[in-house]
Structure formats: C-alpha cells, structure tokens
Amino acid sequence: MPDIFAPLCDRLLRAGVRPKTVNRYLAELRDHLDDLTAELEANGLSPDAARDHALSRLGSIETLAFPMVSDRRFHSWTARTPWAVFLIAPIIGYGVIVALLAFALASATSPGMAPDWFGTAGRATGHFAAFVVPLFLAWTLAFMALRQRSRAMWPLFGMGLTIVAATITELQVKLIGPQQGGEIAIALTMPSIIQIAALLLIAAAPLLLFGKRDQAISQG
Amino acid sequence: MRLYLKRDTNPNFLNGVPELLVLQLLKGREMYGYELVQAIKDGTGETIVIGEGVVYPVLHMLEREGALQSRRQTVSGRSRIYYSLTPNGERRLQEVAGAWQRITGAIRNVLEGPRHA
C-alpha cells in the first residue's frame, strides 16, 4: 500500500524543511488520520468512506505543506546557507581532522626518539588523510544531500572542493633513521589530476546513482 | 492516492488566531494534536474550520520558541506527543490575548458606527 504522505514528505524536503521536523510532522499526521478515521467509523461510516472523509478534513498536500514551506524557521541550514554547509564546513572539517591526526602522531612519540612502528604508522596516517578522510567527508555531504533532497550543485561543488583540498594537503612523516628523530609536517603540494579524478568519481557515485533513483521515484 | 480538501477552510488560519487558540486551550491542560483540534472545533462552534493537519506546524513553532513543551507518551500502544504551556507561553498568551482584545474592540467600534452627541 503506497504511503499517502510520501508526496507531502517529498514536497517538504525539497522545499528545505528539516528532515527531523518532517518526520515528526508526518508521524503526528498519521496518528491524527488514524484517530479521525476511527472516530468517523464509530459514527457509522464505512472504513473506506471514513478514511476518505478523514483525509479531506486533514487538508490537501498544499494546505499541509504551506505553513512549513513558507516559514524559513522550519528550514534546515543546508537549505538556508548551502554554501556554508556544503563548501566551508567540509574544508574546515578536513583541516581539523588532519591537524588532529598530526597531533595524534606527535603525541605517540617522544622528542628525538621514534619507535620502530612509527614510520609505518606515519605512512598509513598520510594515506588515511589523503584518501579515506576526503571520501568520508564527501559521502557525508552526499548522504545529507540525498536525505534532504538538496539540489546536486552545492554538494557536488563541496565534494570537489574537499577533494582538491585533500590532494593539495599532505601529511608528511619523515624519519632520519631507526630509533632517531624525525619530522611531522602538513605541507601543500601540487595536486595529482589522477588522484582528484579517481576520488571525485568514487565520491560522487552514490549521489549520482541514488539521486537519479530518488528523482525517478518522485516523478513516478 | 492524494490528499484532498472538500471543505472551505479559513485561509488566514496562520495569522495569529491559531496561536491564540492553541495557547488558550493548552492553558492548564496538556493535549495532543487531535484533542486540540477537537477542542478548537468545540470551542469555536465550528466557526473556525481548518485543514486539521495545519495545527501541527503551529505547535512545532510555539515549542521551538519556548512557549510550549512536549512529552511523548504511549497510550493504547500508540505514541502520542502531548503539549503543554510553559511560563514563557503563559506570558505570550497574555500578550497575544491583549492584542487580540484591542483589535476586536477597535473593529467593534467601527462596526457600531460613529457616535453622535
């Protein structure tokens, strides 16, 4: 049985209403509809007639959507300031994560003395910062965009920017020799086009795939 | 299936009246949405007819602004959200009711026409 509130849900999310607010609203509407239907059935209407009458009393989709669509206080930050959520926040997030990784590496060793495993840990952390972190951030943006039915432009732009930022930032760990000192640095490097293209493709795949599916569902 | 509306509704429902009604009806008594809509119907003698679902955005906004608080309670296996007035809501009710009385008083004066000496 199709969800009668699915079009309303889609309408609200596309207008930028917060998903949490939409979920609560729909849950209350479903309860209200059930109460109303039960009341009308108790008054002698058939189940189908009671349901139809209850729906008409609840209000049309536009009637139900209008108060939330027209009031920006119900809207999410992604709808109100997409540039901040999809562009600035992931760049800051990436910077903070890389700084924390560098700090964790520095904390794991004592000045002038690096344990044997430190070189391996340093390389692994560098790869983690270069590949895993930007993909994680990009997929987080894709998840937010899909959940809130955001237009693809801002999240795709944000993903691209995050990935470019990740490819020009390098967490470097240099060791002089075993049991000796070394250097942990965050450096800016020339970006690798292949790395950018590969990361972009992997990062944007879910947004493009699921986005097209959601579009097909909402149009169907 | 689509939702549809057969009855005429009050298009200006969101222009302060619902807030006043909700605050007044929740004064001293907590209610969930369905109860509140029934109370509005009963209290206004069905003069104010609304798409019943429209009361929820009003409740959500009043809660967000601190005028209402809500709690979940499971009744007969169904989770309900009960709303009640906060002290902030009590103050807001006084303000809104005062403003409403001034407006209705002014309109009444106009409807009664000019008084000649």
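Taken in sequence, the protein lines are chains A and B.
In case it helps, numbering that gives the first Met the number 0 puts the first sequence at residues 0 to 219.
In case it helps, numbering that gives the first Met the number 0 puts the second sequence at residues 0 to 116.
We treat Cβ as the ideally placed atom computed from N, Cα and C, and that holds for glycine.
Asked, Found
"Closer than 7 Å at the beta carbon, the chain B residues around Leu-57(A)", "Leu-2, Gly-50, Glu-51, Gly-52"
"Bridge partner(s) assigned by DSSP for Gly-161(B)", "Nothing about residue 161(B) can be reported from this structure: the residues present for chain B run from 0 to 116 only."
"Start-end ranges of the beta strand (DSSP E) lying completely within the stretch 2-52 of chain A, minimum 3 residues", "none"
"Cβ neighbour criterion (16 or more within 10 Å) applied to Asp-41(B)", "exposed"
"Buried/exposed call for Ser-170(B), threshold 16 Cβ in 10 Å", "Summary: the structure shown does not reach residue 170(B), with chain B confined to residues 0 through 116, and so no result is reported for it."
"Interface partners of Arg-71(B) on chain A, CB under 9 Å", "The contacting residues do not exist; Arg-71(B) stays about 10 Å from chain A at best."
"Alpha carbon of Arg-90(B) to alpha carbon of Arg-63(B), nearest angstrom", "16 Å"
"Assumed close pair Gln-194(A), Thr-166(A) - CB separation to whole angstroms, cut-off 8 Å", "5 Å"
"Distance, His-59(B) Cα to Glu-27(A) Cα", "11 Å"
"contact_flag[the stretch 58-75 of chain A, the stretch 35-48 of chain A] where n(CB pairs < 8 Å) is 3 or more", "no"
"From Thr-103(B), Val-16(B), Tyr-55(B), Gly-112(B), residue whose alpha carbon lies closest to that of Tyr-81(B)", "Tyr-55(B)"
"Touching by the beta-carbon criterion (3+ pairs, under 8 Å), the stretch 126-146 of chain A and the stretch 52-64 of chain A", "no"
"Separation of Ile-183(A) from Gly-65(B), as counted between CA atoms", "49 Å"
"Residues bridged to Tyr-55(B) (per DSSP)", "According to DSSP, Tyr-55(B) bridges with nothing at all."
"For Asn-107(B), three-class secondary structure by DSSP", "Reading off the sequence, residue 107(B) comes out as Arg, not Asn. DSSP places Arg-107(B) in helix when its eight states are reduced to three."
"Spatial distance of Pro-89(A) from Gln-72(B) (CA atoms)", "39 Å"
"Chain A within 8 Å of Tyr-33(B), Cβ atoms only", "yes"
"Closest Cα partner of Thr-80(A) within the set Gly-181(A), Leu-198(A), Trp-153(A), Leu-187(A)", "Trp-153(A)"
"Backbone secondary structure at Lys-40(B) - three-state DSSP", "helix"
"Contacts of Glu-40(A) in chain B (Cβ-Cβ under 9 Å)", "Correct list: empty, because the minimum Cβ distance to chain B is about 15 Å."
"Met-0(B) classed as buried or exposed, judged by whether at least 16 other C-beta atoms fall within 10 angstroms", "Any reading at Met-0(B) must be qualified, since the residue scores a pLDDT of 34, below 50, and its modelled position is unreliable; the value itself is stated next. Flag for Met-0(B) reads exposed."
"Separation of Ala-105(A) from Leu-199(A), as counted between CA atoms", "31 Å"
"Contacts of His-31(A) in chain B (Cβ-Cβ under 7 Å)", "Gly-32, Tyr-33, Glu-51, Gly-52"
"8 Å Cβ cutoff, Gln-182(A) in contact with chain B", "Correcting the residue type first, residue 182(A) is Glu in the shown sequence and not Gln. False, the Cβ-Cβ gap to chain B never drops below 8 Å."
"CB contact below 8 Å: Ile-39(B) versus chain A", "no"
"Neighbour flag for Asn-9(B) against chain A, beta carbons, 8 Å", "With a pLDDT of only 46 at Asn-9(B), under 50, the local geometry of the prediction cannot be trusted, and no value is derived from it."
"Leu-35(B) to Val-21(B) span [Cα, whole Å]", "7 Å"
"Buried or exposed (CB count within 10 angstroms, at least 16 for buried), Ala-203(A)", "buried"
"Rounded distance between the beta-carbons of Ser-149(A) and Thr-77(A), thought under 8 Å", "6 Å"
"Below-8 Å beta-carbon distance, Arg-119(B) vs any chain A residue", "No statement about residue 119(B) is possible, as the shown extent of chain B runs from 0 to 116 and does not include it."
"Chain B within 8 Å of Asp-34(A), Cβ atoms only", "yes"
"Of the residues Leu-187(A), Thr-161(A), Phe-156(A), Gly-157(A), the one placed nearest Gln-171(A), counting alpha carbons only", "Leu-187(A)"
"Contact with chain A by Tyr-82(B), beta-carbon distance below 8 Å", "no"
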